[in-house]
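In the working numbering, the protein residues as written are 70 to 436.
Think of the CB as a built atom: it goes at the ideal place given N, C-alpha and C, for glycine as much as any other residue.
The model shown is predicted, which means the values in this text are computed figures rather than measured ones.
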Amino acid sequence: ATKKIREFDRKSMIIAVTALDDKESKNQMIRYGAEDYIVKPIDSSIFLKRVQTYFELCDLRKQGHTVHESKNLFSSNIFPKIETYIIHDKSSLAYFWESVLTDDKKSSDDLNEIVRLIYAFSSYLLKNNQSQEIYIEQNEENIYITQTVTDFIKSSAIKNIILKHNPNARYILQNNKLSFMLKKVVSAKPKEIVIDENLDEETKKCLRMNHKDKITAEDFIEKTPLDLIDKIENLEHKEDIIDKAISIFEKEATVENLKVISLKLREYNEVIYTLNEFDHLSFAINSLCEFLDDLTEDKLTENNLKKLTFLISSILNDLSSWRKTIFITQETQDIHYLDSSLLSSCLQIEMIFKEESANDEDEIELF
Numbered sequence: 070a071t072k073k074i075r076e077f078d079r080k081s082m083i084i085a086v087t088a089l090d091d092k093e094s095k096n097q098m099i100r101y102g103a104e105d106y107i108v109k110p111i112d113s114s115i116f117l118k119r120v121q122t123y124f125e126l127c128d129l130r131k132q133g134h135t136v137h138e139s140k141n142l143f144s145s146n147i148f149p150k151i152e153t154y155i156i157h158d159k160s161s162l163a164y165f166w167e168s169v170l171t172d173d174k175k176s177s178d179d180l181n182e183i184v185r186l187i188y189a190f191s192s193y194l195l196k197n198n199q200s201q202e203i204y205i206e207q208n209e210e211n212i213y214i215t216q217t218v219t220d221f222i223k224s225s226a227i228k229n230i231i232l233k234h235n236p237n238a239r240y241i242l243q244n245n246k247l248s249f250m251l252k253k254v255v256s257a258k259p260k261e262i263v264i265d266e267n268l269d270e271e272t273k274k275c276l277r278m279n280h281k282d283k284i285t286a287e288d289f290i291e292k293t294p295l296d297l298i299d300k301i302e303n304l305e306h307k308e309d310i311i312d313k314a315i316s317i318f319e320k321e322a323t324v325e326n327l328k329v330i331s332l333k334l335r336e337y338n339e340v341i342y343t344l345n346e347f348d349h350l351s352f353a354i355n356s357l358c359e360f361l362d363d364l365t366e367d368k369l370t371e372n373n374l375k376k377l378t379f380l381i382s383s384i385l386n387d388l389s390s391w392r393k394t395i396f397i398t399q400e401t402q403d404i405h406y407l408d409s410s411l412l413s414s415c416l417q418i419e420m421i422f423k424e425e426s427a428n429d430e431d432e433i434e435l436f
């Protein structure tokens with residue numbers, strides 16, 4: 070029974086009460102997942118003290134953990150444990166590979182592909198005599214893997230490689246850190262639920278819900294608070310402002326006018342960020358804004374300007390279409406349909422000005 074309970078729900082706290090007072094039985098029970106083994110006859114005072122302690126532990130588990138010096142770029146709400154791998158040669162990189170991929174406690178559908186990407190980036194850095202560190206952190210829902218990177222790899226090369234090999238990867242790249250966020254999967258297979266036909270329709274719908282399903286526009290709108298819907302309705306006005314800013318930049322291509330476009334895109338992105346579900350989309354827009362802010366006057370050549378204004382206008386059109394598809398017509402079966410293509414469009418703009426990153430991409434090998 071202990072083994073079955075642990076397979077079904079890893080969070081359950083199991084106290085085994087038994088008359089079997091032998092070491093073999095105790096070890097087997099602990100091995101199957103019991104957190105305590107109490108032998109009859111029971112001392113009531115000791116038993117009550119232990120149960121009180123276990124109730125306290127259960128409450129503390131629910132509260133979550135905040136580590137103020139977390140290594141990842143996504144969240145500080147992680148377990149107070151950080152695995153650190155010092156990568157200084159091929160053998161230490163091989164140890165990281167073997168250690169992570171053979172650990173069944175780190176369960177995610179995307180783990181293998183993300184480790185493969187990190188291995189490729191690390192191998193390239195080692196070839197250039199660059200040591201690094203890799204950190205692994207977790208909370209109840211996610212695994213975070215963070216790698217220190219250096220300027221030996223251009224940021225646009227990293228983004229392009231991720232886009233090519235794992236376009237749906239959730240990552241943040243900034244301050245010489247590359248952080249991936251991986252959703253955990255439940256190890257135990259859920260049993261098929263027999264639904265009582267006498268239940269009301271709303272209850273049936275909740276029971277049938279599969280969290281691995283893609284989120285439709287209708288479902289997303291239904292669960293979105295009304296105050297956020299009001300903000301979304303203002304996006305159309307923001308799109309008009311961005312469109313006018315692009316027209317002004319097209320007539321007078323200055324760094325100041327380009328920064329106005331970036332500023333208005335950031336204001337647009339603030340609304341998307343508050344929706345929580347679109348962090349990948351928000352990351353793409355933010356990356357574009359950071360790049361536009363760094364452009365200097367000498368980069369704004371006539372040839373580059375034509376491509377730049379065309380691509381920014383295309384991105385704005387994509388965002389406008391995305392807004393209408395999800396929040397007005399509600400036609401899409403997957404609200405994340407734009408994520409990877411928008412990031413690709415943003416990277417295209419970077420590639421206009423960063424042709425040198427191609428050499429890095431050729432040298433970073435995935436297997």
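With a beta-carbon spacing of about 7 Å, V218 and Q201 fall inside the 8 Å limit used to define contacts. Ranking T153, L380, D179 and R100 by CA distance to the CA of M420 puts L380 first. Closest by C-alpha distance to R239, out of I147, Y213 and L195, is Y213. Secondary structure of Y240 (DSSP, three-state): strand. The beta carbon of K376 is closer than 7 Å to those of I421 in its chain, skipping five residues each way along the sequence. Residue pairing from DSSP places I84 in a beta bridge opposite D105. Taken in chain order, the whole beta strand (DSSP E) runs of length 3 or more contained in the stretch 118-183 are 152-156. Distances from the CA of P294 to each of N345, D408 and K95 were compared; the closest alpha carbon is that of N345.
In the DSSP assignment, T215 is bridged to Y204 and S248.
In this structure L304 touches V340 by the C-beta definition: roughly 6 Å separates them, less than 8 Å. DSSP, read as helix, strand or coil, puts L194 in helix.
Out of F360, E321, I227 and L170, the CA that lies nearest to the CA of L247 is found in I227.
Nearest in C-alpha terms to E138, of all of I99, W166 and Y204, is Y204. In the structure shown, the three-state DSSP call for K253 is coil. When the five nearest sequence neighbours on each side are left out, the beta carbons in the same chain lying within less than 8 Å of the beta carbon of Q417 are those of L380, in order along the chain. Take K109, set aside five residues on each side of it, and the residues of its chain with a beta-carbon closer than 8 Å to its own are V86, T87 and A88, in chain order.
For Y337, the enclosing alpha helix (DSSP H) starts and ends at V324 to T343. In the three-state scheme derived from DSSP, where H, G and I count as helix and E and B as strand, D408 is classed as helix. Where N372 is concerned, the enclosing alpha helix (DSSP H) starts and stops at E371 to F396. Around the beta carbon of S160, a 10 Å sphere encloses fewer than 16 other beta carbons of the protein chains shown; the residue is thus reported as exposed.
With distances taken between CA atoms, M250 lies nearest to I183 out of S331, E125, E321 and I183.
Contact between N146 and T215 does not hold, since their C-beta atoms are separated by about 15 Å, which reaches or exceeds 8 Å. In this structure Y164 is exposed. Its beta-carbon is surrounded by fewer than 16 other beta-carbon atoms within 10 angstroms. Here the alpha carbons of P149 and L350 stand approximately 30 Å from one another. Its chain contains T219 and F221 as the residues whose beta carbon lies nearer than 8 Å to that of Q199, once the 5 sequence neighbours on both sides are disregarded; these appear in chain order. Contact check for S383 and S414: beta-carbon distance about 6 Å, within the 8 Å limit, so the pair qualifies.
In this structure, L334 lies near I354, with their beta-carbon atoms less than 8 Å apart. D296 and L194 have their C-alpha atoms roughly 47 Å apart.
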